[in-house]
């Protein structure tokens, strides 16, 4: 994706998936089990030994982009922790568009409420942006040299949640989230909990290439599970021979 140390995995859409979709963005940390990590379960002989083992730990950040309709990740970036979520989120959105995906809507948390993220979403033609402004955020300029792409959409969100009273601000934010169905973003939280259950949030490979292959193998495994194990829910009418539909209790 043009970022130092960041590695991208992205799959191309099938013919049935070549239509506008909504995506979810988030990130999670993955601990690297380097040399000496096998001794973490043993008692330390000294404080210096404990600190030396802890210094050997390192952390990578996994940034997935999820299709909530199918429950599959269409791409991910594995990067060091010194790169921000909005920068990598913008790179993910642009990479998905180059691979053939058409992104209609994006939902993410407040960490993605930045100018570069909105600029990337406007660039790929996304019109439905569901990113809550920060609690101490201010409106963006829509005209002049300091105007930012997507400022009108972002200012509409800010006006819906802003209030000087903290209690009213919390109430308005809650109402705004319910109105735009922001809580559907919990699907990517559930997806990441499956990653943690599968891996223990730890990468056991030692070399950089093996770690990358291990993490991206987790994603492809979860995609296969979602593809073959996701139930299809259909509303069916009450047919003859079925038990009678339950009647509501009298008031």
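Numbering (the numbering used here), first residue to last: 498 to 748. Built from N, CA and C at the ideal position, the CB exists for glycine as well.
Item to check | Contact set for residue 645: own chain, Cβ-Cβ below 6 Å, skip 5 residues either direction | outcome: 612, 637
Checklist entry - In terms of residues, what are the limits of the alpha helix (DSSP H) holding residue 687? => result 683-696
Checklist entry - Tell me which same chain residues have a C-beta within less than 6 Å of the C-beta of residue 535, skipping the five on either side of it? => result Low confidence applies to residue 535: its pLDDT is 48, below 50, so where it sits in the model is not reliable enough to give any reading.
Item to check | Cβ shell of residue 675 (< 6 Å), same chain only, five flanking positions each side left out | outcome: none
Next on the checklist: So the candidates are 654, 556, 715, 629; which of them puts its Cα closest to the Cα of residue 528?
Outcome noted: 556
Checklist entry - Under a three-way DSSP split, which group does residue 674 fall into? => result helix
Checklist entry - Does the Cβ of residue 509 have 16 or more other Cβ atoms within 10 Å, making it buried, or fewer, making it exposed? => result exposed
Checklist entry - For residue 636, which of helix, strand or coil comes out of DSSP? => result coil
Item to check | Beta-carbon spacing of residue 680, residue 669 below 8 Å | outcome: no
Checklist entry - I think residue 692 touches residue 525, with their Cβ atoms under 8 Å apart; what is that distance to the nearest whole Å? => result 7 Å
Next on the checklist: Between the alpha carbons of residue 512 and residue 599, how many angstroms are there, rounded?
Outcome noted: 12 Å
Item to check | DSSP beta-bridge partners of residue 700 | outcome: 529
Item to check | residue 563 vs residue 575 beta-carbon contact at 8 Å | outcome: no
Next on the checklist: Let me check understanding here. Comparing Cα to Cα, which of 561, 719, 615 lies closest to residue 652?
Outcome noted: 615
Item to check | Cut-off 6 Å between Cβ atoms - residues of its own chain near residue 507, not counting five sequence neighbours on either side | outcome: 572, 592, 596
Checklist entry - Among 720, 682, 654, which one has its Cα closest to the Cα of residue 519? => result 682
Item to check | Cut-off 6 Å between Cβ atoms - residues of its own chain near residue 673, not counting five sequence neighbours on either side | outcome: 657, 658
Next on the checklist: For residue 565 and residue 603, what's the separation of their Cα atoms in angstroms?
Outcome noted: 11 Å
Checklist entry - Taking the C-alpha atoms as reference points, what is the distance between residue 628 and residue 517? => result 19 Å
Next on the checklist: Closest to residue 505 by C-alpha separation, out of 689, 585, 514, would be which residue?
Outcome noted: 585
Item to check | Other residues of its chain near residue 523: CB distance less than 6 Å, five sequence neighbours each side excluded | outcome: 685
Checklist entry - Around the C-beta of residue 515, are 16 or more other C-beta atoms found within 10 angstroms, so that it is buried, or is it exposed? => result exposed
Checklist entry - For residue 623, which residues of its own chain have a beta-carbon under 8 Å away from its beta-carbon, when the five flanking residues on both sides are left out? => result 590, 600, 601, 602, 603
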